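The next block holds one structure in the form of structure tokens; read it before the comments.
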């Protein structure tokens with residue numbers, strides 16, 4: 001059970017206990033000469049404990065007037081537990097989706113970095129090849145010039 005679920009159970013138990021004996025017990029009449037106090041034990045409180053693992057226990061004796069309330073509280077606790085499990089599953093799905101989106105962003109960043117590295121490498125190769133081509137053109141012009149000189153000498 002989630003922390004919120006435990007807090008809701010504790011609050012519900014407190015509300016049930018608060019509305020239990022004190023609300024049902026008749027108020028003492030101050031004008032009465034009788035010293036008898038109202039019987040607070042006629043309507044017992046529901047004891048609800050939620051331990052560290054989220055288990056809950058109810059302590060009522062059979063035939064207790066609050067047994068119907070205990071059943072409602074038990075159903076509320078079950079509902080809260082189901083709600084907590086659904087919420088946990090929803091949170092897990094959201095975490096998985098965020099992790100997948102982050103992994104996709106990381107992959108895109110890596111791919112962009114790799115492409116940028118490839119582009120830089122290709123730019124260097126183009127520069128080198130352009131320089132080699134210029135050197136080859138100069139060499140060809142020199143050879144053509146040498147051939148023209150030889151041709152002129154041969155004539």
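Numbering (the UniProt record's numbering), first residue to last: 1 to 155. Ideal Cβ placement from N, Cα and C applies to all residues, glycine included. It should be emphasised that the depicted structure is a prediction, and the values quoted were computed from it without experimental measurement.
Assignment of residue 155 by DSSP, reduced to helix, strand and coil, places it in the coil class. Straight through space, the alpha carbons of residue 10 and residue 85 are spaced by roughly 18 Å. When only Cα atoms are considered, residue 93 and residue 103 end up about 15 Å apart. Counting other Cβ atoms within 10 Å of its Cβ, residue 131 stays below 16 and is therefore classed as exposed. Straight-line spacing of the CA atoms in residue 88 and residue 69 works out to 28 Å.
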